[in-house]
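Read the structure below first, then the notes.
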Amino acid sequence: MSSMANFAAQLKDKLLGLLDRVVNCGGAGAGANKDVPEEPTKLPNVQPIAIKPRDPTVSGGSKAGVN
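For the sequence shown, this note's numbering gives the first residue as 34, with consecutive numbering after it.
Here it is in structure tokens:
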């Protein structure tokens with residue numbers, strides 16, 4: 034068998050294997066895809082953070098200053 038025919042046969046096998054995996058993944062039922070978790074991970078509740086200004090209040094504080 035020539036190397037080109039061997040390459041074509043390997044490519045065909047890989048393609049058919051991939052196609053078989055895609056087709057069988059759709060309706061295989063529970064546990065078909067072990068890589069995907071069944072439920073998303075629950076994140077802990079996060080407390081809201083309030084940022085409050087400190088004293089002293091400076092007039093023109095939102096304007097750019099001169100260094």
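Quick reminder that beta carbons are idealized off the backbone N, C-alpha and C, glycines included.
Asked: So for LYS75, helix, strand or coil by DSSP?; Found: coil
Asked: Which class does ARG87 belong to by DSSP, given the choice of helix, strand or coil?; Found: coil
Asked: Can you tell me which of the three DSSP states GLY43 falls into?; Found: A small correction: the amino acid at residue 43 is Gln; Gly does not occupy that position in the sequence shown. In this structure, GLN43 counts as helix in the three-state DSSP scheme.
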